[in-house]
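Chemist: Residue numbers (my numbering), protein chains in the order written: chain A, 1 to 300; chain B, 301 to 724. Before I ask anything, let me first share the structure, which is written out below as structure tokens.
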């Protein structure tokens, strides 16, 4: 018998350890759940961490109101099946209450507005730690993020003054009003996530798999058509066979043309592809430091 | 880039850190490893090209830009914080902790090194062994890194001279004999041009060792964890209290040492109660043998009182149980260590408070001399101190077990992590 873990088992072990630390060190934690594969993975790991007990925290969805219908259907069926608590923070409500002003124009997106709704939801529910499925391989500002990421009372991230994180000892101590973001799958890559989903046979929303869809193309990005998608007159809707590599809201998530209709084919595609998954995300293309700027303001 | 599912599930994980002084070409080396192993994506490449042009660079894309993630880092051309990078070959998966070479150097390198199996230390072939090289090697040794690769970089600037390489290697060997590192290798490279990084150099036929990537892929890490001393810090008690699992009482945690099996005789610390392992459980079913760093749940035969912060240990092999600790500490705060000062402390899953009883000496990390008269311990200093904790801790020597030999010290006013302690 060899006494060493394979890399996926080691990553799994690390994530379970971190999720258990969160439950132990914080009074009122939550798991941010977008319905994307990374948050589904975190949910799966949380189930493992406390089995045969129940997950001792709620799922929190920040709902932009511009979701893919398939994602919402998936979320609702998962919640019903497992009997977990779901708290929804609504961007529409933040707009209606005048807390944020909706962007206008053809490239308008509610992605940035999510931050306000998220911080509001944290405050209302008095969450002291929010776990999320962000990974360091996704984006260059995230490469410098800690597992336990300290946020001040304004929810801000200060990248130049992060707490050093040593060994596997995590410091979740904080003052009143401050909170933490915790990223249990920081060390996973996109390929790790897909391979693990296949290995563990984890259910995903259908839009990750190839399907025929009404789409239009803008600046080389394939967008799904939908009731709240503002199209320019020259942008024609057509049917194409596509799938999504990431799931954000509809206004900023691009599709890829792909025949991959099962996990094995998706993995082959991920292995052969030459762009990062965030390459299909319009929200990162706004500037070179777009992610860093949003994170400083409290974005997840 | 990466291969089929069957092979993928069999890969090991190697965590390594890279150290070098400013301009040693550290970022370039990482960029080279990622680029030549095809872990850089086209959109990242495009973004780097754009950034190289904007900053007035010309010619080849600046591979260093890949690791400099924050806006101020790119503007100043320096790395501020530890950045983590990932790549894979068909043999292994790699996590790189890339640490900056200048400001707050020690603090960042200690952080990066604390989870690493291996350290790459870059040496400029033109300058040879400099003060920073000895500092990096000392930190690697102090943090218990078992494998060190000295990369003699910029061989292209010394005409790929074997004589120069041998000269540097021999001075490194002299120095390294003073350190506690068992596995040391030397590789002449040019990170800029790629010699001996991923592909074997045609310019240095005299070098018979392996390339850097081959060394990373094959170094034996199977015995880096402690599989001898049974240590299981309890993180959580799992009590579902459902009809199906009415009497279930499991102790969740991550194995910190030893190999655990059903039937093992155990002692609970601090209570001293004894019992036997009834079952090692997980979501995926019963675990026949548990070892570090596996997360699992241990069930005991007897109904004893166990809670978070307790440690389950093998009865015939127990850790030190004490309130007095002798340790090396790396200080990470602007405010110096306060003699007789009180701090919060975390050790495995256990929280305590401590008082600094004595500052024995500071180490000059360039010469490795003990400075017994200098007891002002500032940010980035390494010192030997004695502390007393409010409750006993269950410890092993750091060099024997990283998990039970390490602790962090926290300032109770700011809640910042201010010290990294290694038990002697």
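All C-beta atoms in this analysis are idealised placements derived from N, C-alpha and C, irrespective of residue type, glycine included. Predicted model only: the values in this text are computed from it and were never measured.
#1: Looking at C-beta atoms only, is the number of pairs between the stretch 582 to 601 of chain B and the stretch 500 to 515 of chain B that lie closer than 8 Å three or more?
#2: Rounded to whole angstroms, what is the Cα-Cα separation between residue 324/B and residue 683/B?
#3: Closest Cβ-Cβ distance between residue 641/B and chain A: below 8 Å?
#4: Between which residues of its own chain and residue 83/A is the CB-CB distance below 6 Å, once the five residues before and five after are set aside?
#5: Taking only runs of the alpha helix (DSSP H) that begin and end inside the stretch 496 to 565 of chain B, which ones reach a length of at least 4 residues, in chain order?
#6: Using the three-state DSSP reduction, which class does residue 598/B fall into: helix, strand or coil?
#7: For the stretch 319 to 337 of chain B, which residues have a beta carbon sitting closer than 9 Å to at least one beta carbon of chain A?
#8: First and last residue of the alpha helix (DSSP H) that includes residue 69/A?
#9: Is there a C-beta anywhere in chain B that falls below 8 Å from the one on residue 30/A?
#10: For residue 229/A, name the three-state secondary structure that DSSP assigns.
#11: Could you list the residues in the stretch 703 to 724 of chain B with a C-beta less than 8 Å from some C-beta on chain A, going in chain order?
#12: For residue 270/A, I'd like the list of residues in its chain whose CB is within less than 7 Å of its CB, leaving aside the five on either flank, ordered along the chain.
#13: Out of 148/A, 188/A, 166/A and 199/A, point me to the one whose CA is closest to residue 174/A's CA.
#14: Just grab the DSSP bridge partners of residue 719/B for me.
#15: So residue 723/B packs on residue 717/B, CB below 8 Å; how close in whole Å?
#16: Which residues in the same chain have their Cβ closer than 8 Å to the Cβ of residue 257/A, if we skip the five residues on either side of it in sequence?
#17: Which chain B residues sit within Cβ distance under 7 Å of residue 153/A?
#18: Where does residue 191/A sit, in a helix, a strand or coil, going by DSSP?
#19: Should residue 528/B be flagged as near chain A, meaning a C-beta pair shorter than 8 Å?
#20: Under 8 Å, Cβ to Cβ, is there at least one residue of chain B near residue 34/A?
#21: Listing by chain order, which chain A residues have their CB less than 7 Å from the CB of residue 595/B?
#22: Rank 539/B, 504/B, 673/B and 593/B by C-alpha distance to the C-alpha of residue 533/B and give the top, closest one.
#23: For residue 3/A, name the three-state secondary structure that DSSP assigns.
#24: Assuming the contact rule is C-beta atoms closer than 8 Å, residue 37/A and residue 204/A should be a hit. Round their C-beta distance to whole Å, please.
#25: Could you check what DSSP says for residue 470/B in three-state terms: helix, strand or coil?
#26: Write down every uninterrupted run of the alpha helix (DSSP H) in the stretch 166 to 210 of chain A whose length is 4 residues or greater and which is fully enclosed by it, in chain order.
#27: Between residue 344/A and chain B, is the shortest Cβ-Cβ distance under 8 Å, so that the two count as touching?
#28: Do residue 209/A and residue 231/A count as a contact pair if the criterion is CB distance below 8 Å?
#29: Return the residues of the stretch 50 to 80 of chain A that lie within a Cβ-Cβ distance of less than 8 Å from chain B, sorted by chain order.
#30: Just to confirm the assignment, what range does the beta strand (DSSP E) spanning residue 487/B have?
#31: Just list the residues that DSSP pairs residue 29/A with in beta bridges.
#32: Relative to the alpha-carbon of residue 731/B, which residue among 400/B, 440/B and 458/B has its alpha-carbon at the smallest distance?
#33: Flag this pair as yes or no: are the beta carbons of residue 207/A and residue 68/A separated by less than 8 Å?
#34: I think residue 86/A touches residue 61/A, with their Cβ atoms under 8 Å apart; what is that distance to the nearest whole Å?
#35: Can the beta-carbon of residue 590/B be found closer than 8 Å to that of residue 560/B?
#36: Report all residues from its chain with a CB closer than 7 Å to the CB of residue 664/B; omit the five preceding and five following residues, and keep chain order.
Modeler: On the basis of the data shown:
#1: no
#2: 28 Å
#3: By this cut-off, residue 641/B is not an interface position.
#4: none
#5: Under the rule that a run must span 4 or more residues, the alpha helix (DSSP H) segments found entirely inside the stretch 496 to 565 of chain B read 512 to 518.
#6: strand
#7: none
#8: 69 to 82
#9: no
#10: In this structure, residue 229/A counts as coil in the three-state DSSP scheme.
#11: 703, 706, 707, 708, 710, 715, 716, 717 and 720
#12: Taken in chain order, the residues that qualify are 190, 191 and 194.
#13: 148/A
#14: 631/B and 709/B
#15: About 17 Å separates the two Cβ atoms, so there is no contact after all.
#16: 222, 240, 241 and 242
#17: Ordered by position in chain B, no residue passes the 7 Å Cβ test against residue 153/A, which lies about 13 Å from the chain.
#18: helix
#19: For residue 528/B, the answer is no, since every Cβ of chain A falls outside 8 Å of its Cβ.
#20: Answer no: the Cβ-Cβ gap between residue 34/A and chain B never drops below 8 Å.
#21: 13, 16 and 17
#22: 593/B
#23: coil
#24: 6 Å
#25: helix
#26: 190 to 200
#27: The requested residue 344/A does not occur in the structure, where chain A is confined to residues 1 to 300.
#28: no
#29: 50, 51, 52, 53 and 54
#30: 483 to 488 is the extent of the beta strand (DSSP E) around residue 487/B.
#31: 129/A
#32: Outside the displayed span of chain B (301 to 724) sits residue 731/B, for which this structure offers no information.
#33: yes
#34: 7 Å
#35: yes
#36: 671
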